[in-house]
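The structure appears below as structure tokens.
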Amino acid sequence: MVYLKPTAVALFLALATSTLADDKLPNDLPESQIIPSSLEGLSLIKGVNVTTGLNGKDNVKQTRPFRSVYYLGAPSKLKTKDLAGCAVIFNDPPSKRFDGPEVHGRDPSGEDRNSTDTRAAHGTCPDVIEQKCIDKLTERASNGVYNGKGDACAALERELKKRSFDECRDLGGNGRGLGNFTVTSFGNLTAVSNSSSPCWPILPKSDNLAEITVQTAFGNYSANALTQQAYKVTPVLTVFYSDGNRSLVDRASSQMTCLKIVTDENPNDAPDGSDSSAPGLKGSWFVAGMAVLMTVILAGL
36 MVYLKPTAVA
46 LFLALATSTL
56 ADDKLPNDLP
66 ESQIIPSSLE
76 GLSLIKGVNV
86 TTGLNGKDNV
96 KQTRPFRSVY
106 YLGAPSKLKT
116 KDLAGCAVIF
126 NDPPSKRFDG
136 PEVHGRDPSG
146 EDRNSTDTRA
156 AHGTCPDVIE
166 QKCIDKLTER
176 ASNGVYNGKG
186 DACAALEREL
196 KKRSFDECRD
206 LGGNGRGLGN
216 FTVTSFGNLT
226 AVSNSSSPCW
236 PILPKSDNLA
246 EITVQTAFGN
256 YSANALTQQA
266 YKVTPVLTVF
276 YSDGNRSLVD
286 RASSQMTCLK
296 IVTDENPNDA
306 PDGSDSSAPG
316 LKGSWFVAGM
326 AVLMTVILAG
336 L
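Quick note, the sequence shown lines up with residues 36 to 336 if you use the numbering used here.
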């Protein structure tokens, strides 16, 4: 378990990052999902900032902010100014959940209970999203950036909003379709300095880190709400495309990635297995890293 001050960003690689998807080899993927070699070494990182909890009746108020920050990691030799692309952050978690170890405890009535430890659960995108949904989204995304003039990411957003995705009816929750999502361009990314930080979520430390977007959700101050927000699965659709002579790619390439914070903290630390078993998670940063794009092939992660 990693505990950090709200102002710090630390290295914490989620267990999901080391789980490589081997159900689909690169040769089996549609051309639009195969990542060009020019993008080798890129990575995605998600950090979650959680504010300190409250006591008493104010705990039930839906005013606690959960601030998620998404970063793009890149090798120092890669010129990000030549990188044309978009990131689609699906803010609502899929209806399915990753599998994890069982939690043994007692409910308020004193009865024994078993449940999945959400914090330690991990997996890959096909575990929670239908493969036909992944295939359809990546196909539409690769085509969408070119279906219109001007801003490619705006064209992609229009494509996602105007089209029906019957294959993705549970992506944003039961029957909610794509749910709430945000489209952000990779243009003019804000670089993060690593000169003074002892912790860095990508290796080698010489790699660059740039902020893609910040999303804030609100919940109450219970440990249950913290678990739901800080440890939720976040699907991210990335699209890279050609944008002139300096572009790093000559064709559109789309990938689906599922980011999730993973910790091995023992949820049975509390005598009754209750919400109080997560006191150390208040007021801290959580950071989930994703293995390099070329290694994982995002459509299967």
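In this text, a Cβ means the ideal position worked out from N, Cα and C, and glycines have one as well.
Would you tell me roughly how many angstroms separate the C-alpha atoms of Ala190 and Gln166, rounded to the nearest one? Taking the straight line from one Cα to the other gives about 24 angstroms.
Please list the terminal residues of the continuous beta strand (DSSP E) segment that includes Ile247. For Ile247, the uninterrupted beta strand (DSSP E) run begins and ends at Asn243 to Gly254, by DSSP.
If you follow the beta strand (DSSP E) that Pro270 is part of, which residue opens it and which one closes it? For Pro270, the enclosing beta strand (DSSP E) covers residues Thr269 to Phe275.
Give the DSSP-derived three-state secondary structure of Lys116 in the structure shown. Three-state result, Lys116: helix.
Which of helix, strand or coil DSSP assigns to Leu316: In this prediction, Leu316 scores a pLDDT of 38, lower than 50, which makes its location untrustworthy; no coordinate-derived value is stated.
In angstroms with no decimal places, state the Cα-to-Cα distance between Asn259 and Cys121. The straight-line gap from Cα to Cα measures roughly 33 angstroms.
If you measure between the beta carbons of Gly135 and Asp152, is that distance less than 7 angstroms? Yes. Within cutoff.
Selected residue, minimal CA-CA separation from Phe125, among Ile296, Val297, Met291 and Thr298: Nearest Cα to Phe125 within the set Ile296, Val297, Met291 and Thr298: Met291.
Closest Cα partner of Gln30 within the set Leu272, Asn255 and Val271: Residue 30 falls outside the range modelled here, since the chain spans only 36 to 336, and no answer is possible.
Among the candidates Asp93, Val83 and Thr115, whose CA atom is the shortest distance from the CA of Asp278? Among Asp93, Val83 and Thr115, the Cα nearest to that of Asp278 belongs to Thr115.
Let me check understanding here. Comparing Cα to Cα, which of Tyr266, Gly210 and Val284 lies closest to Thr298? Comparing Cα positions, the closest option is Tyr266.
In the DSSP output, which residue or residues are listed as bridge partners for Gly108? Paired residues: Ser78 and Leu244.
Backbone secondary structure at Ala258 - three-state DSSP: The answer is helix: DSSP assigns Ala258 an H, G or I state.
Assign Pro100 to buried or exposed, taking buried as 16 or more other Cβ atoms, counted over all protein chains shown, within 10 Å of its Cβ. Only exposed fits Pro100, as fewer than 16 other CB atoms lie within 10 angstroms of its CB.
To the nearest angstrom, how far is the alpha carbon of Thr159 from that of Cys168? Each residue's alpha carbon lies about 14 angstroms from the other.
In three-state terms, what does DSSP make of Arg175? Note: Arg175 maps to helix in three-state DSSP.
Less than 6 angstroms between C-beta atoms, sequence neighbours within five positions excluded: which residues of the same chain meet that for Ser220? The residues are Cys121 and Cys188.
Mind checking who Pro136 pairs with in its DSSP beta bridge? For Pro136, no pairing in a beta bridge is given by DSSP.
Classify Val180 as helix, strand or coil using the three-state DSSP reduction. Coil.
Per DSSP, which residues does Leu294 bridge with? Please list them. According to the DSSP secondary-structure assignment, Leu294 is paired through a beta bridge with Thr269.
Identify whether Arg154 lies in helix, strand or coil by the three-state DSSP scheme. Correct three-state label for Arg154: coil.
Going by C-alpha distance, which of Glu137, His157 and Lys196 is nearest Ala176? Nearest option by C-alpha distance: Lys196.
Can you tell me whether Pro100 is helix, strand or coil according to DSSP? Here DSSP, grouped into helix, strand and coil, assigns Pro100 to strand.
Taking the beta carbon of Gly210 as the centre, do at least 16 other beta carbons fall within 10 Å, making it buried, or is it exposed? Per the 10 Å Cβ criterion, exposed.
Please classify Ala119 as buried or exposed, where buried requires at least 16 neighbouring CB atoms within 10 angstroms. Taking a 10 Å sphere around the C-beta of Ala119, we find 16 or more other C-beta atoms and assign the residue as buried.
Using 10 angstroms around the beta-carbon of Ser111, count the other beta-carbons present and answer buried if the total reaches 16, otherwise exposed. So Ser111 ends up on the exposed side.
Minimum C-alpha distance to Val104 - residue among Ser257, Ser199, Ser288 and Thr269: That would be Thr269, whose Cα lies nearest to the Cα of Val104.
Using the three-state DSSP reduction, which class does Val95 fall into: helix, strand or coil? DSSP places Val95 in helix when its eight states are reduced to three.
Simplified DSSP state of Ala287, which is helix, strand or coil: The answer is coil: DSSP assigns Ala287 none of H, G, I, E or B.
Judging by CA-CA distance, which residue of Lys240, Gly222 and Val218 is the nearest neighbour of Ser228? It is Lys240 whose Cα lies nearest to the Cα of Ser228.
CB of Asp201 within 7 angstroms of CB of Ser130, strictly: Cβ atoms of Asp201 and Ser130: not closer than 7 angstroms.
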